[in-house]
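So the sequence lines, in the order shown, correspond to chains A and S. Okay, so the first sequence: first residue is 19 according to this note's numbering, each after it adds one. Okay, so the second sequence: first residue is 84 according to this note's numbering, each after it adds one. Below: one structure, written as structure tokens.
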Amino acid sequence: MKKRVFLVIALILGLVLAGCGGAQESTEKSSSAETKEPYKIGAIFDISGPGSSLGVPERDTVNMIVEKVNENGGIDGHPIELIMLDNKSNETEAALAAKSLIQKDVLAIIGCSTSGTTLAMLEGIQQAEIPLVSAAASIRIVEPVNERKWVFKTAQSDSLVAERVATYLKSKGLTKIAFASMNNAFGDSGKVEFEKAAAKEGIEILVMEKFEQNDTMMTSQLTNIKKANPQAVLAWAIPPSASSFTTSFDDLGLTVPLIHSHGIGNKTFIELAGDSANGVVFPVGKLLVAEGLPDDDPQKQVLVEYATDFEAKYGPRNTFGGHAWDALQIVLNAVEKAGPDRAKIRDEIENTTDFVGISGVFNMSPEDHNGLSLDSMVMVEISEGSWIPAK
Amino acid sequence: MKDLLKQKRLRHALILLFTLIIFTLPFLITNNYYLSVLVIIGIHTIVVVGLCLLMGYAGQISLGHAAFYGLGAYTSGILTSTYNVSPWLALLAGAVGTGIIAYLIGIPIFRLKEHYLALATLGFGLIIHVILMEEVELTGGPSGLSKGIPYLSIGSLVLNNDFKFYFLVWILALLALILANNVVHSRIGRALRSIHGSEFAAQSLGVDTGRHKLQVFALSAVYASVAGSLYAHYITFISPSPFGLMTSIQFVVMAVVGGLASIWGPIFGVSVITIMAESLKEFMPLLIPQAGGEYEIVVYGIILVVIMIFMPDGLTATLVKAYEGWRYRKERANETP
Chain A
19 MKKRVFLVIA LILGLVLAGC GGAQESTEKS SSAETKEPYK IGAIFDISGP GSSLGVPERD
79 TVNMIVEKVN ENGGIDGHPI ELIMLDNKSN ETEAALAAKS LIQKDVLAII GCSTSGTTLA
139 MLEGIQQAEI PLVSAAASIR IVEPVNERKW VFKTAQSDSL VAERVATYLK SKGLTKIAFA
199 SMNNAFGDSG KVEFEKAAAK EGIEILVMEK FEQNDTMMTS QLTNIKKANP QAVLAWAIPP
259 SASSFTTSFD DLGLTVPLIH SHGIGNKTFI ELAGDSANGV VFPVGKLLVA EGLPDDDPQK
319 QVLVEYATDF EAKYGPRNTF GGHAWDALQI VLNAVEKAGP DRAKIRDEIE NTTDFVGISG
379 VFNMSPEDHN GLSLDSMVMV EISEGSWIPA K
Chain S
84 MKDLLKQKRL RHALILLFTL IIFTLPFLIT NNYYLSVLVI IGIHTIVVVG LCLLMGYAGQ
144 ISLGHAAFYG LGAYTSGILT STYNVSPWLA LLAGAVGTGI IAYLIGIPIF RLKEHYLALA
204 TLGFGLIIHV ILMEEVELTG GPSGLSKGIP YLSIGSLVLN NDFKFYFLVW ILALLALILA
264 NNVVHSRIGR ALRSIHGSEF AAQSLGVDTG RHKLQVFALS AVYASVAGSL YAHYITFISP
324 SPFGLMTSIQ FVVMAVVGGL ASIWGPIFGV SVITIMAESL KEFMPLLIPQ AGGEYEIVVY
384 GIILVVIMIF MPDGLTATLV KAYEGWRYRK ERANETP
């Protein structure tokens, strides 16, 4: 018995020591680099847990870019040393991970994948005065901008998406609609923003419904919606509940147009919703329909290149990886211009103009730490399991 | 008798030594990240000390402690950010409010026993979580509190970094430990242990088991609430997700790993689990590149299972036993020649 006990203690000690050893190893690596001193960049994504459908492609994208840049000799001869941490979609872990990266003296941090985890680490970031570029959507990440000096983000704000949807509905003459949202931060923010955008465009919301993240039957919500007799239905959710909503919508025989949010910008939605997904229209960055864009679109070349690279290595493209692409490229551009100086890097990020990225063309300013405009989004229709530009 | 006195002195010496170590650590550790891990350990310790009182001494399980933790955090968060109440007053309000809520729901809940009790506390935890999600006007809903939560301050000293916050958290954690220690060694503590041993026997000896269980449940809820308030002022952003079922389970695991019937158990359990999780985060990518948290969870699970199989009394008890066994053998070795 006693031997076993010691074995267990030894095992635990071993793990703890290995953890410390790991930290040491990474510092050794930096001193033995044969070229110039590496630039350390930190990344924190929701690689496991509920946010993993966002975090995994973001991790893959970032790894892909770093590999490519280092193969081509790094930035001015400095290789990039990427330190990536998984926050397990947990806010406390995100806050700790940020502190750990700050301690490792990284020049800038990219991440997290979701709004909650990003918001939880902002305080530490602001205090440490380190530039952060988040891949999450919530407008609260970068506003009020005077309290977010060091914080930027690359995903389209919900307000932008809501506006895009509202203008689309208006242009189609659909002014009496029903709204259903997923009951979490994403759906909640969508609801608030869409209410604002709808009021602006003169769109009337006849009925508001909510469903849970794990719901598979939406019949009761949809029955209420059907009773209100709207001209169109707008759903604000991510899969799997977004897919369940769509299949239930089909099952109930609703025939009005079904509009979704940008939360369904991956193949998972189509796989889960099957045939019911056909005809669904949603706003999204141009990545999904890159090949179908007109040749004079400024983003086309960048989009097609990223999509081909990513699909060759990791499978179907999705917009979340694109947000990480933008975040890392913006940081790398700033580092290239400013050198290893956090304050200068921040200034360069804020000065980003006409940067052609995956999520759109970025024009940051001291008042706008997102830098995207309405034309960064297109309306896409799902047809026979693939994405085509909506008419 | 002399032995008992010696033991008591040893215990006091250990506490003193521990206090000394705790308060010199921040001067030795210059790494801010390690400090922040220690702050989180301190915050969790406060919750787990309360939980150990409930589970180890009164023998009642709670799978809803994250709810009390959340109530404390949200009371502090809402009162300070929306209503500009002083943070200390908010902390107090959270503690008192949570204590009263725990007492009131304890009255019906403690009519249940064992698994049914566990399920009732679990249900309570879920209800609080749903309220945090749905009362958007008050709590900000799933997106979290939208207004910033201010820092705690003592006079003109604003606790705005890890170093300063460390002292506050650990002073409170030590106070929590000492208070728990006093409860354990008081009449109530003996009554509680008798409940753990056999509730019927305790009742037949005239122990008011129902009242004692309620009191210790309320006390452990107050502990969790204070810890929650500290968490809110430390991270300065809260949303419902850290106060869900997983957190409740995590607290129970920490308590069980550390060992229930010892005041050192909580500190030990929380430290082992937290340090293990953090070092796995560093170490897993070296072992398996591309590994994310999913592999960590597997390793974490294996270690927990191993501890549960080979050390069912928790780490602390096993270490104490090992030490006593070693001393016993040494004494025997001294006697034989």
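Think of the CB as a built atom: it goes at the ideal place given N, C-alpha and C, for glycine as much as any other residue. In this text the structure is predicted, and so the values were computed from the model without any measurement.
How would you label residue 189 (chain S), buried or exposed, when you count the other beta carbons within 10 angstroms and need 16 or more for buried? Translated into the one-based positions of the second sequence, residue 189 (chain S) becomes position 106. Label assigned to residue 189 (chain S): buried.
Does the Cβ-Cβ distance between residue 197 (chain S) and residue 114 (chain A) come in under 8 Å? The residue you call residue 197 (chain S) lines up with position 114 of the second sequence. The residue you call residue 114 (chain A) lines up with position 96 of the first sequence. Against a cut-off of 8 Å, the Cβ pair of residue 114 (chain A) and residue 197 (chain S) comes out as no contact.
Which residues in chain B have a C-beta closer than 9 Å to the C-beta of residue 120 (chain S)? List them in chain order. Looking at the structure shown, chain B is missing, and the protein chains on hand are A and S.
Would residue 320 (chain S) pass as an interface residue toward chain A - the criterion being a Cβ-Cβ separation below 8 Å? The residue you call residue 320 (chain S) lines up with position 237 of the second sequence. Yes, its Cβ sits closer than 8 Å to a Cβ of chain A.
Residue 278 (chain A) - containing alpha helix (DSSP H), residue span: Locating residue 278 (chain A) in the first sequence gives position 260, where the first residue counts as 1. Unbroken run through residue 278 (chain A) is the beta strand (DSSP E), 276-278; no alpha helix (DSSP H).
Cβ-based neighbour list, residue 194 (chain A), same chain, cut-off 7 Å, excluding 5 preceding and 5 following: Against the first sequence, residue 194 (chain A) aligns to sequence position 176. Around residue 194 (chain A): 222, 224, 248, 249.
To which residues of the same chain is residue 163 (chain S) closer than 7 Å at the C-beta, ignoring the five residues directly before and after it? By 1-based counting over the second sequence, the position of residue 163 (chain S) is 80. Result list for residue 163 (chain S): 170, 173, 232, 233, in chain order.
Taking 8 Å as the CB-CB cut-off, is residue 123 (chain S) touching chain A? As a working mapping, residue 123 (chain S) is identified with position 40 in the second sequence. Taking Cβ atoms only, chain A reaches closer than 8 Å to residue 123 (chain S), which makes this a yes.
Tell me which residues share the same chain as residue 203 (chain A) and place their Cβ nearer than 6 Å to its Cβ, disregarding the 5 neighbours each side in the sequence. Residue mapping note: residue 203 (chain A) aligns to position 185 of the first sequence, counting from 1. Closer than 6 Å at Cβ, skipping near neighbours: 133, 134.
Spatial distance of residue 389 (chain A) from residue 314 (chain A) (CA atoms): Numbered from its first residue, the first sequence carries residue 389 (chain A) at position 371. Numbered from its first residue, the first sequence carries residue 314 (chain A) at position 296. About 21 Å.
Run through DSSP, which three-state label would residue 244 (chain A) get? The residue you call residue 244 (chain A) lines up with position 226 of the first sequence. Looking at residue 244 (chain A) - three-state DSSP - the assignment turns out to be helix.
Straight-line Cα distance separating residue 270 (chain S) from residue 276 (chain S): Counting from 1 along the second sequence, the entry for residue 276 (chain S) is found at position 193. Counting from 1 along the second sequence, the entry for residue 270 (chain S) is found at position 187. If you take the alpha carbons of residue 276 (chain S) and residue 270 (chain S), they lie about 10 Å apart.
Own chain partners of residue 119 (chain S) with C-beta closer than 8 Å, once the 5 adjacent residues on each side are dropped: Walking along the second sequence from the start, residue 119 (chain S) turns up at place 36. Same-chain partners within the cutoff: 245.
Close Cβ partners of residue 327 (chain S) (< 7 Å) along its chain, the five nearest in sequence each way excluded: Translated into the one-based positions of the second sequence, residue 327 (chain S) becomes position 244. 149, 212, listed in sequence order.
3-residue-minimum beta strand (DSSP E) runs that sit fully inside the region 213-266 of chain A, ordered along the chain: Taken in chain order, the whole beta strand (DSSP E) runs of length 3 or more contained in the region 213-266 of chain A are 222-229, 250-254.
Reduced DSSP category for residue 349 (chain S) - H, G, I as helix; E, B as strand; rest coil: Here residue 349 (chain S) corresponds to residue number 266 of the second sequence, with the count starting at 1. Here residue 349 (chain S) sits in helix by DSSP.
Can you confirm whether residue 182 (chain A), when its beta carbon is compared against all beta carbons of chain S, has any partner nearer than 8 Å? Position 164 of the first sequence, counting from 1, holds the residue named residue 182 (chain A). No, because no Cβ of chain S sits closer than 8 Å to the Cβ of residue 182 (chain A).
Can you tell which of A:234, A:274, A:272, A:245 has the C-alpha that lies nearest to the C-alpha of residue 255 (chain A)? Position 237 of the first sequence holds residue 255 (chain A). Of the listed residues, the one whose Cα sits closest to residue 255 (chain A) is A:234.
Extent of the continuous beta strand (DSSP E) to which residue 407 (chain A) belongs: Here residue 407 (chain A) is taken as the residue at index 389 of the first sequence, counted from 1. Counting along the chain, the beta strand (DSSP E) containing residue 407 (chain A) begins and ends at 404-407.
Name the residue from S:230, S:109, S:125 whose alpha carbon lies nearest to the alpha carbon of residue 258 (chain S). Reading the second sequence from its first residue, position 175 is the one you call residue 258 (chain S). With distances taken between CA atoms, residue 258 (chain S) lies nearest to S:125 out of S:230, S:109, S:125.
Within 8 Å of any Cβ in chain S, is that where the Cβ of residue 166 (chain A) sits? In the first sequence, counting from the first residue as 1, residue 166 (chain A) sits at position 148. By this cut-off, residue 166 (chain A) is not an interface position.
Would you say residue 299 (chain S) reaches chain A, if we count a Cβ-Cβ gap shorter than 8 Å as a contact? Taking the first residue of the second sequence as position 1, residue 299 (chain S) is located at position 216. No, residue 299 (chain S) does not count as interfacial toward chain A.
Which of the three DSSP states, helix, strand or coil, is assigned to residue 234 (chain S)? Here residue 234 (chain S) corresponds to residue number 151 of the second sequence, with the count starting at 1. It is coil, neither helix nor strand.
Using only CA atoms, which one of A:104, A:285, A:138, A:75 lies nearest to residue 227 (chain S)? Here residue 227 (chain S) refers to the residue found at position 144 when the second sequence is read from its first residue. Residue A:138 is the option with its Cα nearest to residue 227 (chain S).
Counting along the chain, where does the alpha helix (DSSP H) carrying residue 357 (chain A) start and finish? Here residue 357 (chain A) corresponds to residue number 339 of the first sequence, with the count starting at 1. No alpha helix (DSSP H) contains residue 357 (chain A), which DSSP labels as neither H nor E.
If we call anything under 8 Å between Cβ atoms a contact, is residue 155 (chain S) one with residue 181 (chain S)? Looking up residue 155 (chain S) in the second sequence gives position 72. Looking up residue 181 (chain S) in the second sequence gives position 98. In this structure, residue 155 (chain S) sits near residue 181 (chain S), with a CB-CB distance shorter than 8 Å.
Which whole-angstrom value describes the C-beta separation of residue 342 (chain S) and residue 272 (chain S), a residue pair presumed to lie in contact below a C-beta threshold of 8 Å? Against the second sequence, residue 342 (chain S) aligns to sequence position 259. Against the second sequence, residue 272 (chain S) aligns to sequence position 189. At roughly 17 Å, the Cβ-Cβ gap does not stay under 8 Å, so residue 342 (chain S) and residue 272 (chain S) are not in contact.
Identify the continuous beta strand (DSSP E) that holds residue 301 (chain A) and give its terminal residues. Counting from one through the first sequence, the residue named residue 301 (chain A) turns up at place 283. Residues 299-303.
Does the separation of the CB atoms of residue 284 (chain A) and residue 336 (chain A) fall below 8 Å? Along the first sequence, one-based indexing puts residue 284 (chain A) at 266. Along the first sequence, one-based indexing puts residue 336 (chain A) at 318. Contact: yes.
Please determine whether the Cβ atom of residue 99 (chain S) lies at a distance below 7 Å from any heavy atom of the ligand COA. As presented, the structure is devoid of all ligands, the ligand COA included, so that no description of it is given.
Candidates A:207, A:376, A:287, A:299, of which the one nearest residue 319 (chain A) by Cα: For the purposes of this step, residue 319 (chain A) is identified with residue 301 of the first sequence, where counting begins at 1. Cα-wise, what sits closest to residue 319 (chain A) is A:376.
Report yes or no: is there a C-beta of chain A within less than 8 Å of the C-beta of residue 216 (chain S)? Within the second sequence, numbered from 1, the residue matching residue 216 (chain S) stands at position 133. Yes, its Cβ sits closer than 8 Å to a Cβ of chain A.
Would you kindly report the start and end of the unbroken beta strand (DSSP E) that includes residue 167 (chain A)? Indexing the first sequence from 1 puts residue 167 (chain A) at position 149. No beta strand (DSSP E) holds residue 167 (chain A); DSSP gives it neither H nor E.
Whole-angstrom distance between residue 399 (chain A) and residue 296 (chain A), CA atom to CA atom: Counted from its first residue, the first sequence places residue 296 (chain A) at position 278. Counted from its first residue, the first sequence places residue 399 (chain A) at position 381. A direct Cα-Cα distance of roughly 8 Å separates residue 296 (chain A) from residue 399 (chain A).
Spell out a yes or no on whether the region 145-160 of chain A and the region 175-192 of chain A are touching, meaning 3 or more CB-CB pairs, one atom from each, closer than 8 Å. yes
So for residue 295 (chain S), helix, strand or coil by DSSP? Taking the first residue of the second sequence as position 1, residue 295 (chain S) is located at position 212. Three-state DSSP puts residue 295 (chain S) in a helix.
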